[in-house]
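Here's the structure, in structure tokens; my notes come after.
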Amino acid sequence: MNMNYTTEELAFRDEVRAFLDEKLPADIAAKVKGFRHLSKEDHQRWQKILSAQGWYASHWPEEYGGVEWTPVQKHIWDEESCRYGVPRSVPFGVNMVAPVIIKFGNEEQKQKYLPRILSGEDWWCQGYSEPGAGSDLASLKTRAVREGDHYIVNGQKTWTTLGQYANMIFCLVRTNTEVKAQAGISFLLIDMNTPGISVRPIITLDGEHEVNEVFFEDVKVPVENLVGEEDKGWTYAKFLLTYERTGLAGIGLSKAALSHLKALASRRIKNGRPLIEDTTFSQRIAKVEIDLMAAGISNLRIIASVEGGGMPGAESSMLKVKGTEIRQSINDLARRAIGPYAIPFVEEELNHDYDGEFLSDENAAPLSAQYFNNRKLSIFGGSNEIQKNIVSKMILGL
Amino acid sequence: MDFRLNEEQQMLQDTVARLVRGEYSFEKRLEFSETEAGFSVDFWKQLSELGLTAVPFSEELGGFGGGGVEVQSVMTELGRGLCLEPYLQSVIFGGGLIGHAGSDSQKEIWLGGIASGELQAAVALQEPQSFYDLNNVETRAEKKDGGYLLNGRKAVVIGGHCADVIVVSARTSGDARDSGGISLFALKSDTAGIERRVYPTIDGSKGCDLLLNNVQVDADALLGEEGKAAEVIEYQAGRAIAALCAEAVGVMEVANELTLDYLKQRKQFGVPIGKFQVLQHRMVDMMSELEQARSMAILAASVADEEQSDERRRVLAAAKNVIGRSGQFISEQGIQSHGGIGMTWEYNFAHYAKRLIMINHQLGDDDFHLEHYASLLQAG
């Protein structure tokens with residue numbers, strides 16, 4: 030048993046810290062930590078810095094421009110970047126479609142798409158869920174029919190995060206209706222500018238435009254945009270979901286959110302004293318901090334087993350459930366910490382360039398909205414109910 | 025023992041229910057929310073024409089003489105419609121404070137108008153540092169020129185942006201958290217020196233913070249005895265808590281109806297998702313939470329207009345604690361049962377979910393009332 034980082038890992042952590050100390054723009058970090066909106070320019074500025082360091086596609090093979098970090102190195106980066114307030118990379122290109130292309134795509138697709146992801150030229154979004162296919166993803170109906178050297182795509186995708194900015198979408202489509210649902214699905218790369226595609230915003234309960242519906246009407250997609258083999262898309266989709274799930278526990282984000290909460294609770298006043306000294310509230314914080322401590326170690330145990338050559342299995346489903354519950358609890362407490370000021374929704378204070386007076390606390394404005402928005406954590410990436418099904422089937426054999 | 029409404033109470037509730045069903049569709053509510061007032065001026069007029077704004081006032085004020093149960097009947101239906109009108113702020117709380125502490129002439133000036141719906145009141149008792157403690161008052165009222173000079177800041181005054189009269193607490197003596205030394209003033213909304221920072225609320229309503237900069241009022245703005253307002257505030261806040269609990273029950277009823285409907289309609293894996301046991305049990309839990317909340321709202325209504333006592337205090341604290349917890353449970357589990365669709369602006373469930381969470385931030389959350397209840401625990 031050894032729970033310490035190796036000398037090399039410690040050196041890597043120092044390197045990460047030195048890089049962030051020197052290169053992370055203070056204004057961007059302040060916005061991330063305060064949960065304010067970032068401008069597109071902020072995102073681009075940071076991606077450029079990260080790319081120059083060679084760390085943007087950190088988990089890709091070196092031949093495609095990655096650095097092949099080990100699971101522990103990835104973990105160190107995750108912890109440190111959350112702690113420092115590094116903007117989250119939009120994952121659909123670099124973390125989601127790229128690993129699929131690298132593993133299952135042909136050489137031409139690798140040469141075409143990977144550099145454009147690295148350079149930021151392509152913005153990808155994900156076409157998985159449909160109105161009738163959420164938890165039951167395999168029941169998806171968007172149809173792709175082969176006609177000559179094209180597929181003709183008809184159907185609808187939904188919950189497409191940041192689809193309004195994307196120029197590319199990777200889609201699960203049905204290419205075969207004669208076989209079992211999972212066996213007739215293919216993985217297509219589609220240019221969003223193709224005629225017949227339209228995007229409609231879905232506004233969420235916090236007033237945000239983050240997700241969209243994407244409609245396909247007789248959309249012509251060249252056959253060379255098929256990844257891997259026809260009708261084998263479900264395998265690639267599951268591979269991608271495993272990738273997605275390991276990051277969904279959000280331990281690093283929870284640690285950052287907890288530290289934000291404690292700072293907030295030190296500034297807020299209850300009964301004439303800092304809220305963090307209040308018995309009821311400090312016990313609530315303590316409880317979630319203890320839960321996070323345990324989940325943090327569970328996370329390390331999974332990382333260590335993957336480092337040893339294993340695959341993340343159903344354990345990561347358990348961790349997704351715990352991790353999202355913890356983060357939602359922290360959001361709940363942050364909203365509670367501002368008491369009556371949870372009620373006003375002062376949207377302008379969320380703007381990246383807001384320079385007026387804050388209604389209450391400088392970080393109060395996003396807290397209720399964020400609490401509501403993060404109800405999504407237990408829904409997306411495979412709802413927590415689906416994760417529990419996986420655990421009961423794969424681990425318990427029930 | 026009989027928990028049924030009597031005939032008159034049932035008629036009252038049916039009247040409000042009909043009105044809300046007819047006039048307060050979800051789409052209309054979104055429009056009302058976007059207006060400058062943040063509610064429907066027309067709907068408010070209809071409420072008053074039917075005499076509903078007069079329900080809790082005495083007959084000599086043109087009222088109905090209604091008590092906790094009548095208020096409960098109205099509030100539950102307003103809750104079902106997620107109505108944005110300032111019934112709680114104006115009729116129950118503002119009117120209650122003026123009626124309780126005001127002199128005959130003050131009542132004459134304000135209460136007739138509040139009861140008839142021509143005037144709207146708002147209540148400004150909280151401050152940036154007060155959290156939910158209404159005795160935590162730093163705003164100062166100093167005697168000056170035969171009247172008072174008010175300075176300070178009042179926080180999250182729902183409806184304060186358009187009310188005609190604002191009932192403000194200010195300290196005439198004592199230290200920030202003393203219960204003694206708090207006084208109440210009825211401020212005309214156009215009094216010089218009142219500055220507002222207006223904002224929408226996350227649950228679709230509107231409110232403001234009030235900055236009182238050398239607000240000079242005459243002596244007759246003082247409501248009740250100088251420095252003795254804490255008891256009045258506590259009592260009337262109790263009435264408002266009972267009303268808010270009733271509203272919450274209406275919100276929870278609809279939230280549960282929508283969720284149950286969805287479980288029956290939404291199909292995944294070839295069956296309605298309500299066939300899955302995990303969702304069945306969750307729906308049962310939501311139902312049980314609603315029944316707990318309903319019981320406490322009934323109990324709260326029954327003590328709302330009783331004489332103040334530790335028993336009344338305990339019941340109201342317990343009710344608000346239960347409502348806070350049940351509301352959060354139903355809000356969160358309802359969203360989860362719906363999946364993504366429960367988080368969209370276009371679908372009404374999300375708005376019910378938001379209101380339930382925000383009710384917990386009005387007049388004290390479940391923690392606040394748990395602490396209050398604990399401080400009043402009786403020896404075994």
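Protein sequences appear in the order of chains A and B.
In the working numbering, each residue's number is its place in the first sequence (first place is 1) plus 29.
In the working numbering, each residue's number is its place in the second sequence (first place is 1) plus 24.
Even glycine gets a Cβ: it sits at the ideal position worked out from N, Cα and C.
Quick caveat, the model's predicted, so the values are computed rather than measured.
{"query": "Sorry if obvious, but does the Cβ on I326 (chain A) come closer than 6 Å to a heavy atom of the ligand ZN?", "result": "In the structure on display, the ligand ZN does not appear, and there are no ligands present to speak of."}
{"query": "Does F56 (chain B) come within less than 7 Å of chain A when only Cβ atoms are used?", "result": "no"}
{"query": "Which residue wins for smallest C-alpha separation from G184 (chain B), given the options B:H385, B:L211 and B:Y172?", "result": "B:L211"}
{"query": "Helix, strand or coil for T271 (chain A) per DSSP?", "result": "helix"}
{"query": "When you compare each of B:V40, B:I218 and B:Q289 to H362 (chain B) by their alpha carbons, which one comes out closest?", "result": "B:Q289"}
{"query": "Indicate whether the contact test is met: 3 or more Cβ pairs, each with one atom in the region 143-156 of chain B and one in the region 368-387 of chain A, closer than 8 Å.", "result": "yes"}
{"query": "Could you tell me which chain B residues have their CB closer than 7 Å to the CB of E414 (chain A), listed as they occur along the chain?", "result": "V302"}
{"query": "For the beta strand (DSSP E) containing F387 (chain A), name the first residue and the last one.", "result": "First-last for F387 (chain A): undefined, no H or E at that position."}
{"query": "Is F88 (chain B) helix, strand or coil by DSSP?", "result": "coil"}
{"query": "Please name the residue in A:P230, A:I231, A:I226 and A:E237 whose C-alpha comes closest to that of I226 (chain B).", "result": "A:E237"}
{"query": "Just the Cα atoms here: how many angstroms apart are R101 (chain A) and A55 (chain A)?", "result": "Sequence inspection shows Val at residue 101 (chain A); the Arg mentioned does not correspond to that position. Answer to the nearest angstrom: the Cα atoms are 27 Å apart."}
{"query": "Closer than 7 Å, Cβ to Cβ, to anything on chain A: give me those residues from the region 267-298 of chain B, in chain order.", "result": "Q292 and F293"}
{"query": "Pull out every residue of the region 379-392 of chain B whose Cβ sits closer than 8 Å to any Cβ of chain A, in chain order.", "result": "I381, M382, H385, Q386, D389 and D391"}
{"query": "Which residue's Cα is closest to the Cα of E108 (chain A): A:N124, A:Y400, A:F409 and A:A285?", "result": "A:A285"}
{"query": "May I ask you to list, following chain order, the residues of the region 146-160 of chain B that have a beta carbon less than 9 Å from some beta carbon of chain A?", "result": "Q150, P152, Q153, S154, F155, Y156, D157 and N160"}
{"query": "Kindly identify the DSSP beta-bridge partner or partners of L174 (chain B).", "result": "B:A165 and B:V239"}
{"query": "What do you get for Q304 (chain B), buried or exposed, if any count of 16 or more other CB atoms within 10 angstroms of its CB means buried?", "result": "exposed"}
{"query": "Using a Cβ cut-off of 9 Å, pull out every chain A residue sitting near P224 (chain B), in sequence order please.", "result": "P373, F374, V375 and E376"}
{"query": "Keeping to the same chain, check which residues put their C-beta closer than 8 Å to that of T171 (chain A); ignore five residues upstream and five downstream.", "result": "G156, E159, V182, N183, G184, Q185, K186, C200, L201, V202, R203 and F245"}
{"query": "If I'm right that F209 (chain B) touches A165 (chain B) with Cβ under 8 Å, what's the distance once you round it to whole angstroms?", "result": "7 Å"}
{"query": "Report the start-end ranges of each alpha helix (DSSP H) in the region 330-370 of chain A that is 4 residues or longer and not cut off at the edges.", "result": "344-366"}
{"query": "Quick one: measure Cβ to Cβ for M125 (chain A) and L329 (chain A), integer angstroms, because I've assumed they're closer than 8 Å.", "result": "Contact flag wrong, Cβ pair sits at about 24 Å."}
{"query": "Which residues mark the beginning and the end of the alpha helix (DSSP H) in which W134 (chain B) is found?", "result": "D128 to S140"}
{"query": "Apart from the five residues on each side of it in sequence, which residues of its chain come closer than 8 Å, Cβ to Cβ, to D309 (chain B)?", "result": "F353 and Q357"}
{"query": "Taking just the CA atoms, how far does L54 (chain B) sit from E370 (chain B)?", "result": "10 Å"}
{"query": "Strictly below 7 Å CB to CB, what residues from chain A border D233 (chain B)?", "result": "L388"}
{"query": "Is the Cβ of K299 (chain A) closer than 7 Å to any Cβ of chain B?", "result": "yes"}
{"query": "Since V180 (chain B) and I190 (chain B) are thought to touch, with beta carbons under 8 Å apart, how far apart are those beta carbons, to the nearest angstrom?", "result": "V180 (chain B) to I190 (chain B), Cβ: 13 Å. No contact."}
{"query": "Counting only runs that start and end within the region 32-57 of chain A, where is the alpha helix (DSSP H) found for 4 or more residues in a row?", "result": "36-52"}
{"query": "Below 8 Å, can you find three or more Cβ-Cβ pairs linking the region 69-81 of chain B to the region 41-59 of chain B?", "result": "yes"}
{"query": "Residues of the region 36-69 of chain A with a CB closer than 9 Å to any CB of chain B: list them in chain order, please.", "result": "none"}
{"query": "So, helix, strand or coil for A145 (chain B), using DSSP?", "result": "strand"}
{"query": "In chain order, what residues of the same chain lie with their CB nearer than 6 Å to the CB of E250 (chain B), ignoring the 5 residues before and after it?", "result": "T196 and S207"}
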